[in-house]
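One structure is given below, encoded as structure tokens.
In our numbering, the protein residues as written are 20 to 342.
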């Protein structure tokens, strides 16, 4: 190539042909040192890149997806490192909707609904974004996403590999690919000991609707069981759970059966009752779901009566449903 610097053999040949003296030994030493420095720099850079790649490989955040397929994510409203507000969402079931060519129909599941399948987790990429019911996703919270459960809701999630069990707050929609039945938060994946793996075979059990008010992360983290027993809210039996942190602190008998839990009166001071109102449930996007994706008008607007969601009971045993 014209103007290109000749290689070392070409230089020696040229000096021989023209009668010029070969490069001095000091020049050769300096060139060698410069070459060593350059090689050392490249080596260190490659090491740094490898370390970054290995750190990234350990996280195994599989809940992410390409926006080219699923559309843009919901807007980030809280930056990483800032306090994430709790509550502030709405009760939501929603209409039939479609994501990436597949249709989903949310419905009010019976308490004790069970499914077995693969769960993944989502974290930093979606932290601080709005969830499907208007709450804010917190990767350090104990929460999960499900494509068709009422929102917000409580569900028991059990890692079938190690029998760790925890109760989570379901406040988001998803997952939408890979045949998965649930996406859990980063903190939940750590509690169930599969964050480093990326996915886990789980059993999920629907426990009923959750309260709209306040934070229940500490309460839910306290439900973690590592001894093979099903998770339950502290102070209750494995068959009864009140869907409010305030109600759990009440004098409700821990041995109350399902019928007693459903009929027991709840003091007005225990639960903040929102005003019944009609919600436009067409928006069922999750924290990383596309904005304005296709929704089918399969059902009219729902009028949610908050009085029906004061308490929810769990069933500790139920047959495994299909996925």
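Just so it is clear, CB atoms sit at the ideal spot from N, CA and C, and this is done for glycine as well.
Small disclaimer: the values here were computed from a predicted structure and weren't measured.
Could you please give the first and the last residue of the uninterrupted alpha helix (DSSP H) stretch that includes residue i?
i	result
residue 207	205-210
residue 236	236-240
The beta strand (DSSP E) with residue i in it runs from where to where?
i	result
residue 226	218-228
residue 178	172-178
residue 182	First-last for residue 182: undefined, no H or E at that position.
residue 93	No beta strand (DSSP E) holds residue 93; DSSP gives it neither H nor E.
Taking residue i as the reference, which of the options has the closest Cα?
i	options	result
residue 238	194, 249, 226, 186	186
residue 155	188, 126, 184, 176	188
residue 193	165, 247, 243	165
residue 101	233, 152, 93, 148	148
residue 249	235, 198, 97, 178	178
residue 206	198, 229, 119, 240	240
residue 221	107, 184, 95	184
residue 128	244, 228, 242, 243	228
residue 108	251, 230, 252, 140	230
residue 234	181, 106, 252	106
residue 93	122, 150, 200, 161	150
residue 214	139, 132, 96, 126	139
residue 133	182, 200, 95, 153	200
residue 198	121, 97, 96, 141	121
residue 142	159, 97, 242, 251	159
residue 181	152, 244, 97	244
Is the separation between the beta-carbon of residue i and that of residue j shorter than 8 Å?
i	j	result
residue 163	residue 204	yes
residue 135	residue 226	no
residue 174	residue 209	no
residue 176	residue 211	yes
residue 157	residue 103	yes
residue 196	residue 119	yes
residue 202	residue 146	no
residue 124	residue 218	no
residue 161	residue 246	no
residue 251	residue 242	yes
Could you tell me if the beta carbon of residue i falls within a distance shorter than 7 Å of some heavy atom in the ligand MN?
i	result
residue 164	In the structure shown, the ligand MN is absent, as is every other ligand, since no ligand is present at all.
Legend entry - At least 3 beta-carbon pairs within less than 8 Å: the segment 166-181 vs the segment 97-117: yes
Legend entry - Residue ranges of each beta strand (DSSP E) within the segment 99-177, 3 or longer: 116-118, 121-123, 133-141, 162-164
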